[in-house]
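**Student:** My structure is below; once you've seen it, I'll send some questions.
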Amino acid sequence: MKKVFTRPKSLKRNTFHYCPGCGHSIIHRLICEVIDEMNLQDKVIGIPPPGCSVFAYYYFDVDMAESAHGRGAAVATGIKRAFPEAVVFTYQGDGDLAGIGTAETIHAANRGENVTSIFINNAVYGMTGGQMAPTTLSGQKTTTTPYGRDAILEGHPIKMSEILALVEGAAYIERVAVNSPANIRKTKKAIHKAFQVQLGKLGFAMVEILSPCPTNWKMSPYEAWQWIDKEMTKVFPLGVIKDITERGDAD
Amino acid sequence: MVAKVLMTGNAAIGEAAIRAGCQSYFGYPITPQNELTEYMATHLSRRKGCSFIQAESEIAAVNMVYGASLVGVRTMTSSSSPGISLKQEGISYLAACELPAVIANMSRGGPGLGSIVAAQSDYFQATRGGGHGDYRTIVLAPSSVQELADLTHKAFDLADKYKIPVIILGDGILGQMMEPVEFKHEAPAELPIRSDALRGARGRPSKFIKTFTSNPAELEEINWSLFRRYELIKRDETAYETFLAEDAELIVVAFGIAARIAKGAIRTVRTEGLKVGLLRPITLWPFPYEAAKELAKGVKQFLVFEMNMGQMLEDVQLALEGQGEVSFYGRPGGVIPTPSEVARVISRLYYQKGLNK
Ligand SMILES: Cc1ncc(C[n+]2csc(CCOP(=O)(O)OP(=O)(O)O)c2C)c(N)n1
Ligand code: SF4
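Which chain is which? The protein sequence lines are Z and Y, in order.
All residue numbers for the first sequence refer to our numbering, where the first residue is 1 and numbers rise by one.
All residue numbers for the second sequence refer to our numbering, where the first residue is 1001 and numbers rise by one.
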């Protein structure tokens, strides 16, 4: 009989600690599938952040090292400059990449570091209990915006992908989501491409992934999927935001 | 014979680092250590297999060091006081992950933005951990350009030997003054990669480096193991110098540039017949407690001289355990006293305590 579906080789046989319906587990699997398909398992160094995915090294069967909150892009830079043969990816939440680590991210992109950032936008700080993130939508209730995020008081949801697209050294930026089988397939393609851009030494690549956090959104997994379509994509539209490879200077 | 060259202290650190096999430097400009960042830009950035980045901040720079150390190359950063405060996050992570790295602090007056001249007010920060958590870093305190070069080389060896961040605690003047210096090593042609480096799982199972745990007992074990290593460092790496201490009635304790000034002062008072000597800790952590205690068997008067308000003073008091009497002379803020000022302080104390009788 033909086996049509199996656990990726680079995904360890551990049980995820994530909440039911959380996007992290889907995204982990997608990254591992891509690593397998691109035959990168023995070349990859992954950098997980503090955040719900802090234990990512228990799941990815590749070399991994913890990073301080927000510093993923700087750590990845140090790795890549000191050991260019490594295939480096950071795995960062929105609190991490779009808040405390904005400077590191923008400047790594600006230097055109050949690293891949997987940016999980779930519009909250998950791990610390659902506080406002830089990406929290206007009006969205979180534990630190109990009356709903008010742009006048708390600022606007920050659009990191659009910001990074303006940065010269960024080669490929795409926003995807993991809230439907079709979107999950697109997410995988985007991750694949982001690694390809790195292998081609074309510059900084980032995939922003709109990802459900049913627990902190106080929704069922199904409602969370719908909320991404109905609310999140209005502020964070899906699609390729920058792709220098389309100019024909890549594979 | 190795030729002597005239160099600033900051440049000497850079040259010594390259000759120690440092393959990557990540920095951010701050006075008074810019010559080091500039030296690395000139001499390291285009070297084969090496990298240099002027980072966007000290926080980024130290995290790049963390990345480079993860993959097993010799790596360093440098800064001065306010910048070192920002690097503390990364230093704590380096210590926790048992990653070697060299961090030079050519310190200046503080707190706050402070002054841009030499000061020694980062002693607490350097020797007490500085960042969060239960950890130590080796702290080396050179007092000449030659020693800056020698200790920079040593810093890389110690960092690798004990898998620990090593801090070179210099200061503004030391970094900017020029002195003849001799480099005893050639830069290695083939640069060594640490055997435990994280370089992709080729030919072995994957591995990870982490510090976070939800299990306090696991972290306690890690802390115990770190502290067992710190005990070895205390036993084997404590370094100090004494100067004219054999017949001394009064011992001045000073480190770094202050020790250099104190030496000048001691030479002066010796010509007047005052029996004064010096204890100069070369490792500030581990502090030479035993050496101080040993001296206290013969000497009853100690004068701690620092360019701060009395930070090493606490270590000297701890070392003496109530033996001997400790006085203090401190000049904070970046004020650099002259040897004759210090000589006056020494002789006043000498006569006050009746040591001339
Ligand atoms: C310097 C520092 N500040 C704060 C924290 C606490 N902290 C841990 S995770 C986190 C937020 C994580 O949110 P996000 O990056 O969005 O990831 P998620 O948990 O949602 O996946 C914070 C604030 C920390 N670990 N370090
Ligand atoms: S809190 Fe949210 S992001 Fe964290 S594991 Fe649960 S669902 Fe996922």
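Each residue gets a CB set at the ideal place from its N, CA and C atoms; glycine is no exception.
Can you list, in chain order, the residues of its chain whose CB lies under 6 Å from that of M232 (chain Z), leaving out five sequence neighbours each side?
**Tutor:** Excluding positions up to five away in sequence, the list reads L210.
**Student:** Compute the Euclidean distance between the alpha carbons of D1236 (chain Y) and I158 (chain Z), then round it to the nearest angstrom.
**Tutor:** If you take the alpha carbons of D1236 (chain Y) and I158 (chain Z), they lie about 53 Å apart.
**Student:** Suppose the cutoff is 6 Å on Cβ atoms and the five residues either side in sequence are ignored; what does the same chain contact list for K9 (chain Z) look like?
**Tutor:** D36.
**Student:** For G104 (chain Z), would you say it is in contact with chain Y, using Cβ-to-Cβ distances shorter than 8 Å as the test?
**Tutor:** In the sequence on display, residue 104 (chain Z) carries Glu and not Gly. E104 (chain Z) counts as touching chain Y.
**Student:** Are I191 (chain Z) and V207 (chain Z) touching if we call contact CB-CB under 8 Å?
**Tutor:** Going by C-beta atoms, I191 (chain Z) is nearer than 8 Å to V207 (chain Z).
**Student:** Ligand 2 and H24 (chain Z): does any heavy atom of the ligand fall closer than 7 Å to the residue's C-beta?
**Tutor:** Correct: H24 (chain Z) has its Cβ closer than 7 Å to ligand 2.
**Student:** Using a Cβ-Cβ cut-off of 6 Å (strictly less than) and excluding sequence neighbours within five positions of R1019 (chain Y), which residues of its own chain qualify?
**Tutor:** Correct list, in chain order: F1183, H1185, A1187.
**Student:** Note down the Cα distance separating Q1033 (chain Y) from F1255 (chain Y), rounded to an integer number of angstroms.
**Tutor:** Q1033 (chain Y) and F1255 (chain Y): Cα-Cα distance of roughly 19 Å.
**Student:** Using the beta-carbon of each residue, which ones in chain Y are nearer than 7 Å to H24 (chain Z)?
**Tutor:** The contacting residues do not exist; H24 (chain Z) stays about 16 Å from chain Y at best.
**Student:** With DSSP run on the structure shown, which of helix, strand or coil describes A1292 (chain Y)?
**Tutor:** If DSSP states are grouped into helix, strand and coil, A1292 (chain Y) belongs with the helices.
**Student:** Taking the alpha-carbon of K218 (chain Z) as reference, which of Z:V124, Z:E162, Z:A74, Z:R149 has the nearest alpha-carbon?
**Tutor:** For the residues Z:V124, Z:E162, Z:A74, Z:R149, the minimum Cα distance to K218 (chain Z) belongs to Z:V124.
**Student:** First and last residue of the alpha helix (DSSP H) that includes L1070 (chain Y)?
**Tutor:** L1070 (chain Y) -> alpha helix (DSSP H) spans 1058-1070.
**Student:** Taking the Cβ atom as the reference point for each residue, do G1072 (chain Y) and I1164 (chain Y) lie within a distance shorter than 8 Å?
**Tutor:** Not a contact, by the Cβ cut-off of 8 Å.
**Student:** Of all the residues that make up the segment 1006-1024 of chain Y, which are near chain Z by a beta-carbon distance shorter than 9 Å?
**Tutor:** Here the close residues are Q1023, S1024.
**Student:** So with CB distances below 9 Å, who are the chain Y contacts of G99 (chain Z)?
**Tutor:** Residues of chain Y passing the Cβ test: none, with the nearest at roughly 14 Å.
**Student:** Applying a beta-carbon distance threshold of less than 8 Å, which residues of chain Z neighbour M1064 (chain Y)?
**Tutor:** Those within 8 Å of M1064 (chain Y) in chain Z are A74, V75, T77, G78, R81.
**Student:** Which residue's Cα is closest to the Cα of Y1292 (chain Y): Y:N1308, Y:M1312, Y:L1274?
**Tutor:** The sequence shown places Ala at residue 1292 (chain Y), not Tyr. The residue with the shortest Cα to Cα distance from A1292 (chain Y) is Y:M1312.
**Student:** Span of the alpha helix (DSSP H) holding M1040 (chain Y)?
**Tutor:** From DSSP, the alpha helix (DSSP H) with M1040 (chain Y) extends over 1034-1043.
**Student:** For a contact defined as C-beta to C-beta under 9 Å, what are the partners of Y18 (chain Z) on chain Y?
**Tutor:** Within 9 Å Cβ-Cβ: nothing; Y18 (chain Z) doesn't reach chain Y, min ~14 Å.
**Student:** Could you give the residue range of the beta strand (DSSP E) that holds A171 (chain Z)?
**Tutor:** Note, A171 (chain Z): beta strand (DSSP E), 170-177.
**Student:** Could you give the DSSP three-state label for T128 (chain Z): helix, strand or coil?
**Tutor:** DSSP places T128 (chain Z) in coil when its eight states are reduced to three.
**Student:** Could you check whether the Cβ of Y125 (chain Z) sits closer than 7 Å to any heavy atom belonging to ligand 1?
**Tutor:** Result yes, Cβ under 7 Å from ligand 1.
**Student:** So, with DSSP's three-state summary, where would you put G270 (chain Z)?
**Tutor:** Lying outside 1 to 251, the shown extent of chain Z, residue 270 (chain Z) is not represented and no answer is given.
**Student:** Can you list, in chain order, the residues of its chain with a C-beta nearer than 6 Å to that of E1058 (chain Y)? Leave out the 5 residues immediately preceding and following it.
**Tutor:** Excluding sequence neighbours, E1058 (chain Y) sits near Y1028, S1079, G1083, L1086, K1087.
**Student:** Just to confirm, is the Cβ distance from G101 (chain Z) to A73 (chain Z) under 8 Å?
**Tutor:** Yes, Cβ-Cβ distance for G101 (chain Z) and A73 (chain Z) is below 8 Å.
**Student:** Would you say S1225 (chain Y) lies against chain Z (beta-carbon separation less than 8 Å)?
**Tutor:** So, not an interface residue.
**Student:** Among the residues of its own chain, which have a CB less than 8 Å from the CB of D251 (chain Z), if the five just before and after it don't count?
**Tutor:** Because D251 (chain Z) carries a pLDDT of 44, less than 50, the predicted location of this residue cannot be relied on, and the following value inherits that uncertainty. Contacts found: Q196, G200, T245.
**Student:** What runs of the alpha helix (DSSP H), each 4 residues or longer, lie entirely inside the segment 1287-1342 of chain Y?
**Tutor:** Here the runs fully enclosed are 1289-1296, 1312-1320.
**Student:** Along the chain, where does the alpha helix (DSSP H) that runs through D243 (chain Z) open and close?
**Tutor:** No alpha helix (DSSP H) holds D243 (chain Z); the beta strand (DSSP E) holding it covers 239-243.
**Student:** Which residue marks the beginning of the alpha helix (DSSP H) containing T144 (chain Z), and which one marks its end?
**Tutor:** Careful: T144 (chain Z) lies outside any alpha helix (DSSP H) and carries neither H nor E.
**Student:** Below 7 Å on C-beta distance, what does K1087 (chain Y) contact in chain Z?
**Tutor:** Ordered by position in chain Z, no residue passes the 7 Å Cβ test against K1087 (chain Y), which lies about 11 Å from the chain.
**Student:** When we look at the beta-carbon of F1302 (chain Y) and count the other beta-carbons within 10 Å, is it buried (16 or more) or exposed?
**Tutor:** Its Cβ being crowded by 16 or more others within 10 Å, F1302 (chain Y) is buried.
**Student:** Would you mind working out which of Y:G1354, Y:H1153, Y:V1166 sits nearest T1127 (chain Y), comparing C-alpha positions?
**Tutor:** It is Y:V1166 whose Cα lies nearest to the Cα of T1127 (chain Y).
**Student:** Should N154 (chain Z) and T143 (chain Z) be called a contact, given that it needs their Cβ atoms to be closer than 8 Å?
**Tutor:** According to the sequence as given, residue 154 (chain Z) is Glu; it is not Asn. For E154 (chain Z) and T143 (chain Z), no; Cβs fall outside 8 Å.
**Student:** Any heavy atom of ligand 1 within a distance shorter than 7 Å of the CB on T128 (chain Z)?
**Tutor:** Yes.
**Student:** Taking the alpha-carbon of M1307 (chain Y) as reference, which of Y:P1339, Y:A1061, Y:E1015 has the nearest alpha-carbon?
**Tutor:** Nearest C-alpha to M1307 (chain Y): Y:P1339.
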